[in-house]
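Going letter by letter, the sequence shown gives residues 0 to 149 in numbering that gives the first Met the number 0.
Even glycine gets a Cβ: it sits at the ideal position worked out from N, Cα and C.
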Amino acid sequence: MKIPVFGTNIQRYNIAQSSRTLGTLVSGGIPLVQALEIVSDAMSNEVFKVELKKIKNKVLEGESLWSSMEKSGIMTPLTVEMVQVGESTGALSDMLEQVSSFYDQELSTSVERFMALLEPLILVFMAFIIAVIVLSVYMPLFSMYNLVSG
Numbered sequence: 000m001k002i003p004v005f006g007t008n009i010q011r012y013n014i015a016q017s018s019r020t021l022g023t024l025v026s027g028g029i030p031l032v033q034a035l036e037i038v039s040d041a042m043s044n045e046v047f048k049v050e051l052k053k054i055k056n057k058v059l060e061g062e063s064l065w066s067s068m069e070k071s072g073i074m075t076p077l078t079v080e081m082v083q084v085g086e087s088t089g090a091l092s093d094m095l096e097q098v099s100s101f102y103d104q105e106l107s108t109s110v111e112r113f114m115a116l117l118e119p120l121i122l123v124f125m126a127f128i129i130a131v132i133v134l135s136v137y138m139p140l141f142s143m144y145n146l147v148s149g
């Protein structure tokens with residue numbers, strides 16, 4: 000998660016995925032602890048999987064979801080604050096959906112920016128490859144011309 004650019008996007012993706020799944024399960028009437036277990040099992044990222052299990056255990060011990068998330072360190076402050084508001088207002092599933100939507104949008108914007116930077120680099124790389132191919136074809140021709148004329 001500490002990889003520049005990619006680490007942030009991996010975190011955004013995992014927060015969006017876990018928030019969306021948890022919000023859907025909670026709005027469907029699944030108890031929070033059971034929903035956390037399902038979400039942690041569904042995660043493909045091992046770091047998030049382990050930390051979500053720790054969060055579930057803290058919630059089982061009576062700690063609030065938001066404080067468990069805050070202590071885990073894998074959730075952003077915005078996520079923790081929105082979960083705290085959701086728990087205090089009774090609209091946890093709605094807040095989790097908003098967190099998911101926010102990070103989906105953030106991830107999409109980040110990927111678009113990355114692609115906008117990558118496209119010119121690909122173009123320059125392709126131009127370099129074409130120049131090498133053209134030179135490899137014409138250099139022998141120039142050498143033969145010099146031998147014939149000289």
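- Residue 50 is positioned such that its CB atom lies closer than 8 Å to that of residue 71.
- Beta-carbon to beta-carbon, residue 81 and residue 68 are separated by about 10 Å, too far to satisfy the 8 Å threshold.
- Counting the other Cβ atoms within 10 Å of the Cβ of residue 61 gives fewer than 16, which makes it exposed.
- Here DSSP, grouped into helix, strand and coil, assigns residue 115 to helix.
- DSSP places residue 44 in the coil class of the three-state scheme, outside both helix and strand.
- For residue 62, there is no enclosing alpha helix (DSSP H), as DSSP marks it with neither H nor E.
- Minimum Cα-Cα distance from residue 16 among the listed residues 6, 30, 38 and 31 corresponds to 38.
- Note on the segment 75 to 111: whole alpha helix (DSSP H) runs with a minimum of 4 residues are 76 to 88, in chain order.
- Residue 78 holds the alpha-carbon nearest to the alpha-carbon of residue 103 among 83, 123, 63 and 78.
- With a 10 Å radius around the Cβ and a threshold of 16 neighbouring Cβ atoms, residue 12 comes out buried.
- Taking 8 Å as the cut-off, the beta carbon of residue 46 is found no closer than this to the beta carbon of residue 14.
- From the listed residues 35, 3, 136 and 8, the smallest Cα separation to residue 53 is found for 35.
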